[in-house]
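Structure first, then comments.
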Ligand code: ADP
Ligand code: MG
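Numbering (full-length UniProt numbering), first residue to last: 1 to 698.
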């Protein structure tokens with residue numbers, strides 16, 4: 001299906017000269033997504049973040065300390081290190097102004113003799129250093145004979161690197177990849193190209209890797225803007241295609257009777273925000289077009305009950321509703337809460353996850369198929385091929401950002417155009433909603449249920465961990481419940497696990513093993529459930545956890561949360577974690593244990609959290625401080641980070657790309673025309689081709 005034009009770009013990097021399996025592995029670590037191998041396109045999309053300018057040639061006597069310089073001179077002598085000593089070899093050369101000392105550690109002397117023959121004119125380039133008052137250079141980056149000085153790059157891009165990879169090798173690999181760039185068909189509207197002054201994509205990529213000066217690195221340079229536009233356009237187009245498919249199938253209006261929702265005995269009255277959200281959802285579902293709505297609400301804002309009311313409305317009208325959560329624990333927790341309420345109104349609620357036993361599964365699947373299960377709650381298992389719904393009218397997805405567009409399509413393919421409600425607890429700034437989800441309708445729950453006490457947040461350096469343990473001991477004797485969140489270890493889940501187990505042991509020793517529980521991602525779900533149950537019931541009162549408790553876990557009487565190595569977490573993630581407490585009517589506290597010294601940004605980030613309890617504000621601040629790529633936390637955030645585009649720098653072209661995508665889908669929803677075909681190439685290029693699979697699909 002992929003246009004043949006792109007084949008050379010999607011070939012593995014090993015098809016390029018000079019890249020063997022060892023280098024390919026390094027490149028995969030640097031560039032590839034998930035477990036994929038690195039492809040030529042990944043090299044071409046790898047974006048330099050700085051440049052080295054070698055055009056500075058002030059003469060040896062005037063070398064500025066620390067600057068990258070290029071020197072032309074005549075080699076005078078080599079001063080070899082005595083054999084088997086660690087002393088460096090020095091090579092001296094001079095120009096009209098002074099003498100330059102080159103220093104080489106552990107250099108092969110025959111190589112030095114060849115590269116720097118005495119009496120010859122050479123050009124060297126590298127960092128100037130004044131050593132004992134004399135100009136010097138340690139291990140020049142380049143040594144070339146003066147006659148070949150034109151081969152020395154004047155300006156070199158600098159790329160993000162990974163350990164073990166040399167900058168030269170990476171640059172050479174990218175250079176080789178550049179030869180593979182084809183002439184792409186035009187997919188941008190000619191008028192936009194003209195007005196924006198965009199270069200062709202080929203030229204933009206060539207400029208990306210061959211910057212002439214700092215202005216070429218500027219996000220506002222024509223090349224960078226062109227790349228950002230293409231990236232946005234691919235994203236917006238794939239969303240628009242998905243949306244048009246979702247909307248095109250007409251919705252079936254839902255006519256609730258109120259018979260069931262009236263019977264549910266809620267232990268509280270709904271907030272105004274909850275009532276508004278429910279009204280908006282019922283109005284959406286009453287229409288002939290499908291609902292596509294996002295319910296955003298800070299942690300603890302009470303989204304679940306809104307979802308419940310929406311589901312009851314569907315059941316009242318004789319339909320089925322499904323609620324999908326990202327994890328087993330969350331699915332079970334939703335099930336526990338919702339089943340208790342809904343079943344009192346005579347509604348049948350079932351739980352289906354990957355862990356459901358085969359025997360139960362068959363029963364539940366039968367109930368789903370014959371319609372006797374009114375509400376089904378679960379994980380991805382809800383949308384496996386063998387699950388067939390009798391009449392699925394509403395799909396609710398909790399914690400949307402963990403699911404990609406592809407999954408979203410799959411799950412709504414189950415019913416006859418079911419309505420879709422996505423609930424997210426990570427407040428997503430408006431700009432990002434647009435970039436990631438397009439023009440979904442949005443309801444916000446901005447107020448917290450009444451009676452919530454604010455959470456007091458403090459930051460404490462790790463050295464004072466002893467004080468914190470003391471505080472927990474005191475809290476334990478007062479019967480309070482606490483969480484201890486173990487540090488996030490990006491590189492290794494194994495290390496993360498080890499540190500959680502170690503922390504568990506030291507805390508168990510300090511506070512009494514009978515009080516302390518442990519929960520982490522590698523435990524079986526039965527063990528996880530047991531650990532959660534023990535904590536809920538108060539059999540343990542300190543729960544040591546990895547970030548598995550990150551989303552949604554509800555233990556209302558937990559009042560303290562300690563987050564170890566808080567500086568390693570994203571702001572939104574910290575806010576999420578903090579939301580595990582402050583759910584009941586007791587005052588709660590959040591202790592951010594950090595390892596100093598903090599960078600300026602690091603300090604600013606933690607202070608945002610200390611000062612604000614408002615998830616929307618925190619998300620906006622996070623966007624400012626870190627950029628949108630990391631906003632949603634790093635791991636498994638479903639939203640692919642942008643390679644070229646930045647919401648901050650390129651907001652104007654995002655708006656343009658959205659409009660253009662909408663225009664295209666309106667005109668040529670199947671992408672069959674000439675421009676449509678070109679746009680298919682664009683979608684493949686940016687790996688947004690999942691949307692293409694749904695074209696012409698009925
Ligand atoms: P989230 O939006 O994070 O999913 P939940 O739906 O889990 O929040 O609700 C958090 C807690 O608040 C739950 O214990 C829920 O029963 C309670 N709750 C929800 N709505 C209200 C309300 N209007 N008044 C009081 N408590 C509420
Ligand atoms: Mg929730």
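Glycine residues also receive a C-beta, built at the ideal position from the N, C-alpha and C atoms.
query	result
Following the continuous beta strand (DSSP E) through residue 444, name the residue where it begins and the one where it ends.	441–445
Could you compute how far the alpha carbon of residue 685 sits from the alpha carbon of residue 45?	10 Å
What runs of the alpha helix (DSSP H), each 4 residues or longer, lie entirely inside the stretch 233–288?	272–285
Measuring only from the beta carbon, is residue 398 closer than 7 Å to any heavy atom that is part of the ligand MG?	yes
Quick check on the DSSP output: the beta strand (DSSP E) that includes residue 564 runs from which residue to which?	558–564
Can you list, in chain order, the residues of its chain whose CB lies under 6 Å from that of residue 635, leaving out five sequence neighbours each side?	Its pLDDT being 30, under 50, residue 635 is placed unreliably by the model, and the measurement read from it follows with that caveat. Hits under 6 Å: none found.
Can you tell me where the beta strand (DSSP E) with residue 296 in it begins and where it stops?	292–297
Can you tell me the Cα-Cα spacing of residue 252 and residue 284, whole angstroms?	11 Å
Return helix, strand or coil for residue 12, following the three-state DSSP convention.	strand
Short of 8 Å in beta carbon distance, which residues of its chain neighbour residue 94, apart from the five on each side in sequence? Order them along the chain.	60, 73, 74, 76, 100
DSSP state of residue 555, grouped into three classes?	coil
By how many angstroms is the C-alpha of residue 665 removed from the C-alpha of residue 582?	46 Å
Throw me the rounded Cβ distance for the residue 173 and residue 43 pair, which I believe falls under 8 Å.	6 Å
Please name the residue in 267, 236, 499 whose C-alpha comes closest to that of residue 564.	499
Answer yes or no: do residue 546 and residue 515 have a C-beta to C-beta separation smaller than 8 Å?	no
Of the residues 319, 286, 277, 381, which one's Cα is nearest the Cα of residue 304?	277
Considering residue 684, what are the terminal residues of the alpha helix (DSSP H) in which it resides?	674–685
Are three or more beta carbon pairs between the stretch 363–378 and the stretch 339–352 nearer than 8 Å?	yes
Could you please give the first and the last residue of the uninterrupted beta strand (DSSP E) stretch that includes residue 125?	121–131
Under the rule that 16 or more other beta-carbon atoms within 10 Å means buried, what is residue 147, buried or exposed?	exposed
I'd like the list of long-range same chain contacts for residue 164, defined as Cβ closer than 7 Å, with 5 residues on each side in sequence excluded.	26
Would residue 158 pass as a contact of residue 144 if the rule is Cβ separation under 8 Å?	no
Which whole-angstrom value describes the C-beta separation of residue 588 and residue 559, a residue pair presumed to lie in contact below a C-beta threshold of 8 Å?	4 Å
Just the Cα atoms here: how many angstroms apart are residue 639 and residue 51?	For residue 639, the predicted structure reports a pLDDT of 42, less than 50, and the residue's modelled location is therefore unreliable. A value from the coordinates is still provided. Between residue 639 and residue 51, the C-alpha separation is close to 29 Å.
Below 7 Å, is the gap between the Cβ of residue 304 and the nearest heavy atom of the ligand MG?	yes
Here's the rule: buried if 16 or more other CB atoms are within 10 angstroms of the residue's CB, otherwise exposed. What is residue 483?	buried
Residue 474 to residue 535, Cα distance in whole Å?	18 Å
Quick one: what does DSSP say residue 637 is sitting in, helix, strand or coil?	Low per-residue confidence applies at residue 637: pLDDT is 33, beneath 50, and the placement is therefore not dependable enough to give any value.
Restricting to runs no shorter than 3 residues, where is the beta strand (DSSP E) found entirely within the stretch 146–234?	155–158
On a CA-only basis, which of 13, 220, 510 is nearest residue 469? Give me that one, please.	510
Taking residue 538 as the reference, which of 336, 481, 575, 364 has the closest Cα?	481
Given 8 Å as the limit, is there contact between the stretch 304–317 and the stretch 254–264, that is, 3 or more CB pairs closer than that?	yes
Hey, would you say the C-beta of residue 576 is under 7 Å away from at least one heavy atom of the ligand ADP?	no
To the nearest angstrom, how far is the alpha carbon of residue 209 from that of residue 48?	7 Å
By alpha-carbon positions, which one of 176, 63, 234 ends up nearest to residue 133?	63
Cβ atoms of residue 211 and residue 205: under 8 Å apart, would you say?	no
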